[in-house]
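K.L.:
Start counting the sequence shown at 1; every next residue gets the next number (the UniProt record's numbering).
Positions of the beta carbon are idealized from the N, C-alpha and C atoms, including for glycine.
These numbers come from a predicted model, not from an experiment.
Take a look at the following structure, please.
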Amino acid sequence: MFHLIAVGRMKDRVERDLFDRYANRLSPRIKLVELPEGRGAPNEIKRREGQAILAALPDRAIVVAMDEGGRTYDSLAFSRAVEQWVETPRPLCFVIGGAEGLDAAVVQRADHTLSLGKMTWPHMLVRGMLAEQLYRARAISAGHPYHRAGRP
């Protein structure tokens, strides 16, 4: 099972539908844990959200932090990475911070960091984008025609 720990609750129907479209197709399934957004000054928000994320991590999890400074992959390389992570006996957990980003303690705990590109994305939209990329990665591994490599 994939785990996704994310700060904030998806209230917008469009964002929820995008996430659900791919999460419902994904195998193994993805368990979404939504944490409350922090309050206070930006550094205090990040600290509190970071503590909540760390507390919510499954035991011994392989943690992949969604971070703008993280590694970028093309689809085939991401598929290979996901397959390696899934093959371990440890739970695979992705984490998405809130509007202020991830606290340094979460990034330090992470086994890997992942960026969806150099642009900044709203943290609620990242959930759907990540679910789609996980679905794509699994489709590539299964030889499913969803991913159309080599298009001009």
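If distances are taken between C-alpha atoms only, which option among Ala61, Arg80 and Arg21 comes closest to aspartate 111?
P.N.:
Ala61
K.L.:
Do alanine 139 and isoleucine 30 have their C-beta atoms within less than 8 Å of each other?
P.N.:
Alanine 139 is not a Cβ neighbour of isoleucine 30, given a cutoff of 8 Å.
K.L.:
Whose C-beta lies closer than 8 Å to the C-beta of proline 58 among residues of the same chain, with five residues either side of it excluded?
P.N.:
His3, Pro91 and Cys93
K.L.:
Grouping DSSP H, G and I as helix and E and B as strand, with all else coil, what is glutamate 15?
P.N.:
Helix at glutamate 15.
K.L.:
Out of Asp20, Asp67 and Val82, state which residue places its alpha-carbon closest to the alpha-carbon of threonine 120.
P.N.:
Asp67
K.L.:
Determine the DSSP secondary structure at histidine 123, reduced to helix, strand or coil.
P.N.:
In the structure shown, histidine 123 adopts helical secondary structure according to DSSP, grouped into three states.
K.L.:
For arginine 48, which of Gly128, Met129, Gly98 and His123 has the nearest alpha-carbon?
P.N.:
Gly98
K.L.:
Would you identify the three-state DSSP class for leucine 54, choosing helix, strand or coil?
P.N.:
helix
K.L.:
Less than 8 Å between the CB atoms is what I'm expecting for threonine 88 and serine 115, so what's the real figure, rounded?
P.N.:
Contact doesn't hold; Cβ gap of about 22 Å is too wide.
K.L.:
Relative to the C-alpha of leucine 35, which candidate in Asn24, Ile53 and Pro28 has its C-alpha closest?
P.N.:
Ile53
K.L.:
Mind checking whether lysine 46 and glycine 128 have CB atoms under 8 Å apart?
P.N.:
no
K.L.:
For my contact list, valine 95 and valine 106 are in at a C-beta cut-off of 8 Å; report their separation, rounded to the angstrom.
P.N.:
6 Å
K.L.:
Kindly indicate which three-state DSSP category aspartate 20 falls into: helix, strand or coil?
P.N.:
helix
K.L.:
Can you name, in chain order, every residue of its own chain whose Cβ lies under 8 Å from the Cβ of methionine 10, other than the five neighbours on each side?
P.N.:
Residues of the same chain with a CB within less than 8 Å of the CB of methionine 10, apart from the 5 flanking positions on each side, are Arg16, Phe19, Glu34, Met124 and Arg127 in chain order.
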